[in-house]
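Below is one structure, written out as structure tokens; the observations come after it.
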Amino acid sequence: MGCCRVTVVRVNGESSVTVGQRISKLAVIHWFPLEQFPPVQNLLDAVSRDSRFECHCFTTTNDRGLKEFSAGSVVIQRRPFPSRQHGRLRRIWRLLSFPMWVCWQLFWFRPDALLYFEPHSSAAAFLYLLCNRQCRLLIHYHEYREPREYQDRGNRLFGWYHQLERRFLYERAVWISHTNADRVR
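The working numbering runs 3 ahead of the 1-based position in the sequence shown.
This is the structure we're talking about:
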């Protein structure tokens with residue numbers, strides 16, 4: 004299997020561009036169901052057309068009745084989404100087991116690069132990067148969230164995940180997209 008040449012941007016300290024880092028295995032973590040996010044679907048479709056590297060995507064199941072998304076050669080693995088229709092304990096279990104499950108899958112896949120979307124997916128990346136410091140980290144945000152939004156009752160766990168990002172993951176990232184001054188601080 005060949006490699007794909009990518010350009011990455013370092014975000015710790017001054018920004019600089021590093022060209023030519025090679026990726027043969029890419030892992031994508033997207034907490035929310037892919038079916039609700041066409042930009043991620045477009046990315047996975049593009050990746051599936053490039054045979055130079057292998058891609059696995061880890062996400063949750065679609066609970067809105069949308070047609071299940073697939074992307075050619077990309078291996079998409081899903082866990083149940085913690086729907087409000089389920090009891091509190093089941094939701095908590097699904098929230099907490101997702102990062103552990105993804106981390107376990109990453110140990111078997113051993114990606115060269117890990118791309119996660121939103122703070123909701125960051126705990127899995129954090130756990131994996133504790134053990135595999137060689138893996139390059141890429142982060143993307145669909146939209147900006149105000150810091151006060153993490154204080155809402157339903158977002159407290161993700162607020163904690165955001166703290167993991169700020170304290171550990173941002174400095175490890177070689178690429179962060181859709182950022183602004185508040186996010187980088």
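Using N, Cα and C, we set each Cβ at its ideal position, and we do this for glycine too. On a predicted model such as this, the values are computed, not experimentally measured, just so you know.
For residue i, the three-state DSSP class (helix, strand or coil)
i: Arg170; result: helix
i: His165; result: helix
Whole-number beta carbon distance between residue j and residue i, since they are thought to touch under 8 Å
i: Leu118; j: Tyr131; result: Wrong, their Cβ atoms sit about 12 Å apart, outside the cutoff.
i: Arg82; j: Phe101; result: 5 Å
i: Gln108; j: Gln154; result: That belief does not hold up - the Cβ atoms of Gln108 and Gln154 are roughly 31 Å apart, past 8 Å.
i: Val177; j: Leu141; result: 7 Å
i: Phe110; j: Ala30; result: With a Cβ gap of about 11 Å, Phe110 and Ala30 do not count as contacting.
Cβ pair residue i, residue j closer than 8 Å
i: Val43; j: Phe120; result: yes
i: Ser105; j: Phe61; result: Residue 105 is actually Val in this sequence, not Ser. Yes; because the gap between Cβ atoms is below 8 Å, this pair is in contact.
i: Phe84; j: Thr63; result: yes
i: Pro114; j: Lys28; result: yes
i: Ala126; j: Leu167; result: yes
i: His123; j: Phe72; result: no
i: Ser47; j: Val78; result: Rather than Ser, the amino acid found at residue 47 in this sequence is Leu. Their beta carbons are not under 8 Å apart, which means Leu47 does not touch Val78 by this criterion.
Can you list the beta strand (DSSP E) stretches of 3 or more residues lying completely in the segment 103-151, in chain order?
Here the runs fully enclosed are 116-120 and 139-143.
In the segment 38-101, which residue ranges form an unbroken beta strand (DSSP E) of at least 3 residues, counting only runs that do not cross its ends?
Within the segment 38-101, the complete beta strand (DSSP E) runs of at least 3 residues are 57-63 and 78-82.
Counting Cβ pairs closer than 8 Å, one from the segment 134-146 and one from the segment 52-59, do we hit at least three?
Too few Cβ pairs lie closer than 8 Å, so no.
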